[in-house]
Structures are given as structure tokens and as C-alpha cells.
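Right, one structure below, let's go through it.
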Amino acid sequence: MVSFSLKEVLEATGGRLLQGGEMRFEGVSTDSRKIRGGELFFALRGERRDGHDFVPEAIRKGASGAVIHKETPGVPLGRPLILVRDTLFALGELARWWRKKCSFALVAITGSVGKTTTKEMLAGILASEKRVGKSPGNYNNLIGVPLSLLQMDDRVQVAVLELGMNRPGEIKRLSEISQPQIGVITGIGPVHLEGLGDVEAVKEAKGELLSSIEDGFFVYNADDPRTRELASRFRGRKVSFGLSPFAEYRASEIDLHEGLRFNLYTPRGRLSLKLRLLGEHFVWSALAASACADLLGIGLDGIRRGLEGFRPLPMRMELRTIRGVKVINDAYNANPASMEAALKALSSRKGRKFALLGDMAELGSETERLHRELGEFCAHLPLEGLFLLGEQARTVAEGARKRGMEERKIVVARDHGEIAHALAQRVRE
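Start counting the sequence shown at 155; every next residue gets the next number (the numbering used here).
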């Protein structure tokens, strides 16, 4: 738990003390429902709620003070109230101030797919030899990254953070806050197009990471033309991973039967690995994590232990057996790349295969085209049924029909109950 004084908070945030006196804070919080005694409460304005409305409640529950950017009545006079221009920016500034005081190495991971898996794989590899701090879950935005850093004390030796974004400028800001020594881009594809417009804009937004690692290392996907282009611009030290024969961390002899087997080639030697994961796409996360671990001084044995001990994250290619039927749950999030990867993994399995798909969000003006292409992709897979639900279900079906999928295999449902009934009926046939 990070502890800091009122003076330090004022110095870091540029805030002005409206009331109260010297106080020491034990951590920070942005959620009045989960406040713990001694924490400093940041009143953030959300899309539906404004944290300023909950400042009195946070104080009643034990918060030692609050950071605000507008008038907030009802706060007892004895508790510090700090006025800043913008509470979200101030939260980032406090985290940036704390990061400067810490000596731990920091790895920042971004990309269109595989961020969380790569982060968890790397943290797992490092944990056997170092004290690791990592962002919990997908704490990867302008709130989550500062909160993650402010949970890491000076005993941490290596921090592993995931950086996400919805619009230009966010990766730049997160990089300024986190000050990484190693930056990773897992790959670039059509995600968050609502806020960015097209994939070229996604590339530029992800590339904002590079300005913060000029004295560090850029770890990039050599199989992705857009990350290769970013690497060609980068004048610092670069490390590549992928299936390309030119990648420094390379995988080959990939076998998808009964888990995931492949040979990992590194500058230090070769590993033959067997992971308890479904899908070839996990190879790229394993390669990126291995490259970072090597840069941080972990040997081949440590890399092997970490990767072979890794387990799938909830709702990310999670395999369950329900009444004798194997179900792959990959419902955490969806974009064109992750959909294709999951469907390829399904296709590699033995037995009858059915796909149940929902919508892919945040694709902006490309929504219909990308859903139609998803249907076209499905038509070439060995599926016995394609079950579709959501606003774009008919568009996916249209694409599947266009490429020759039989009508009897396609089910467009109105709700969860209908699709569950149709799928159960088809599976029993």
C-alpha cells in the first residue's frame, strides 16, 4: 500500500487546499462503495454518475480526504479537501509522481489483441524470481493505470502494466504516467474504430508508446506489417517476436492437438513447450512474454516454468465440459482478430463443431463490412451450425450465405432463450 502526505499530494497534483490540515493518506480510491479507512478519495466524473455527489459518503466511510474539481458541500471541516482543475488528470499526476520515486523496472503492453494474456504470462514467468506488481484484470485506462501504480510499493522489482485506449492521445498520456523501460505492441488491427476511424489511426495511436521508451526496448510483433512499420521508425533498441524466420524470438512446429505445443527459439537457445491453452494465437503472447522476461534476466528454465504453468483467463478461450459437451467460452470481448483466432481454434478440435457468435462492438463505420466478412470466414470452416445473436446477426448470416454456407446451418435468434433452445436441439441431433 502506498502512503503519502498531504504536502506530497498538493505538490504532485498542483492542487489547492480548501480545508483541513496535515494528514497522511494510505492509498487512493475512486469508488465510494469500496472505500477503506485512511484512503484519499478522487471524485471522478463518469458518463452516468459524478463522484462529487459521493464525497460526503466516502468521508463517512473512512476516507481521510478528497480531491475535487468543483464545489462539494457536506464535507466535515476537519477533513482535507483538495481542489484541482481536473480530478482525472490529477489522479494521473499523483501516479506519475509516485512512479518517479520508484526504482522498479516497468513493462507496458499495448496492442489490439492479447494484451491481458501477455501481461499475465509475463507476470507469471517473473513471479518465481522477482517481486512483481501488475495491473489487476484489465485496469488499462486513464483510471486503471494510475490506480495500479498507486498500489505498488517500493518493494516491487518489476511492474507489468497493460495500456488500452479508445481515442488518440490516451496511450501517450498513459506512457507519460507509467514511464516504461520496455514497451510491447502485440499487434494492430481493427478495434476501437468508433473513436479512431480506421486501422491506420489505430496504428498511430498505439505508436504513441514509442516516445516514452527511446532509452529502453521496443518489443514488437514481426508478423504484423503495422508493428513492423512502427519498428522501422523507432531509433532505439528493438526486439522482434513472431513466426517469421527473421524474428529474434520465434515459434515453429506448432501443434494444436491436445493443448498447444511448439518450439520456442531465443537468442539463448531452444525450448520445446506444451501449454494448456487452446488456439495458435496464444503463441504470440508467449513469444512476447518470453522476450520481455529474457530482457529482465529470466533464464530459459524460468521461462519454461512460467509458460507451462499458465492457465487460461476467465472467458478467454476457457474450456469447460457441460453434460458431455465441450464448450469454449471466449466471450470476454470480441473484435475481428479475436473472433478469427477463436474460430480457428474451434476448427482444429475433433468432433462436431458449432459456433455461437454475438456482435463485435466499437467498429464505427466499418461495422457492417467486418461482420459480413466474419460470416464469409465462417462459411469456409467445418461447422455444423452457425448460431447468431445481436444487431449484426443478419449481416453475419448474409456473409456466410454469400460464400456458400447451407441455409440449414444458419440460425439467427431474437434472444438468448431462443438461441439456447436452438443450439441444444441441434447438439442432440
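Every residue gets a Cβ at the ideal spot worked out from N, C-alpha and C, and that includes glycine.
Helix, strand or coil: how does DSSP classify residue i here?
i: Q173; result: strand
i: T122; result: Given that the chain is displayed from residue 155 to residue 583, the structure contains no residue 122 and the question cannot be resolved.
i: A376; result: coil
i: S142; result: With the chain covering only 155 through 583, there is no way to say anything about residue 142.
i: I189; result: coil
i: F243; result: helix
i: L414; result: strand
i: R580; result: helix
i: G460; result: helix
i: S289; result: coil
i: L135; result: Only positions 155 to 583 of the chain appear in this structure, which leaves residue 135 out of reach.
i: S257; result: coil
i: I331; result: helix
i: F436; result: helix
i: F371; result: strand
i: E354; result: helix
i: D448; result: helix
i: F388; result: coil
i: R199; result: strand
i: L296; result: coil
i: S501; result: helix
i: A313; result: strand
i: A551; result: helix
i: D409; result: strand
i: R404; result: strand
i: D204; result: strand
i: L517; result: coil
i: L194; result: strand
i: A442; result: helix
i: D307; result: coil
Assign residue i to buried or exposed, taking buried as 16 or more other Cβ atoms, counted over all protein chains shown, within 10 Å of its Cβ.
i: A220; result: buried
i: E274; result: buried
i: Q579; result: exposed
i: M319; result: buried
i: H570; result: exposed
i: E545; result: exposed
i: D455; result: exposed
i: T271; result: buried
i: I476; result: exposed
i: S426; result: exposed
i: E225; result: exposed
i: D308; result: exposed
i: M306; result: buried
i: L231; result: exposed
i: I213; result: buried
i: P466; result: buried
i: R187; result: exposed
i: S394; result: buried
i: G268; result: buried
Who does residue i pair with in a DSSP beta bridge?
i: R474; result: V481
i: T264; result: I339
i: S282; result: In DSSP, S282 forms no bridge with anything.
i: F508; result: G539
i: R422; result: Looking at the DSSP assignment, R422 forms no beta bridge with any residue, so it has no partner.
i: A600; result: There is simply no residue 600 to check, as the chain begins at 155 and stops at 583 in what is shown.
i: I222; result: L237
i: F158; result: F179
Looking only at C-alpha atoms, which of the options sits nearest to residue i?
i: T241; options: L410, R170 and K504; result: R170
i: N487; options: A496, K480, V481 and V479; result: A496
i: C532; options: H346, R557 and R548; result: R557
i: Q333; options: G423, W252, I482 and G191; result: W252
i: T420; options: A445, R459 and E412; result: A445
i: I339; options: F388, S302, L350 and I297; result: F388
i: R178; options: D185, I189, L517 and E162; result: E162
i: I297; options: E283, Y403 and R327; result: R327
i: V238; options: A376, G518, L231 and L198; result: L198
i: A574; options: E552, F541, G553 and K563; result: F541
i: G478; options: L160, E193, V581 and A313; result: V581
i: G192; options: R233, F208 and K392; result: R233
i: E527; options: G505, R321, S186 and A551; result: A551
i: E362; options: T381, A376 and R424; result: T381
i: R503; options: E516, G291, D377 and M471; result: M471
i: A313; options: S289, N294 and G323; result: S289
Below 8 Å on the Cβ atoms is my guess for residue i versus residue j; work out the distance and round it to an integer in Å.
i: I325; j: A443; result: The Cβ separation is near 20 Å, so there is no contact.
i: I367; j: E316; result: About 16 Å; that fails the 8 Å criterion.
i: L248; j: T167; result: 6 Å
i: L429; j: L449; result: Actually they are not in contact, since the Cβ atoms of L429 and L449 sit about 21 Å apart, beyond 8 Å.
i: S218; j: V345; result: Between V345 and S218 the Cβ distance is about 40 Å, and since that is not below 8 Å, they are no contact.
i: F371; j: L364; result: That belief does not hold up - the Cβ atoms of F371 and L364 are roughly 11 Å apart, past 8 Å.
i: V482; j: L432; result: The amino acid occupying residue 482 in the given sequence is Ile; Val does not appear at that position. About 6 Å; that satisfies the 8 Å criterion.
i: G584; j: E348; result: The shown model of the chain, from 155 to 583, leaves out residue 584, and the question about it has no answer.
i: N375; j: G396; result: 6 Å
With 9 Å set as the bound, which would you pick, yes or no: does the beta-carbon of residue i sit closer than that to a beta-carbon of chain B?
i: L303; result: This model lacks chain B altogether; it includes just one protein chain.
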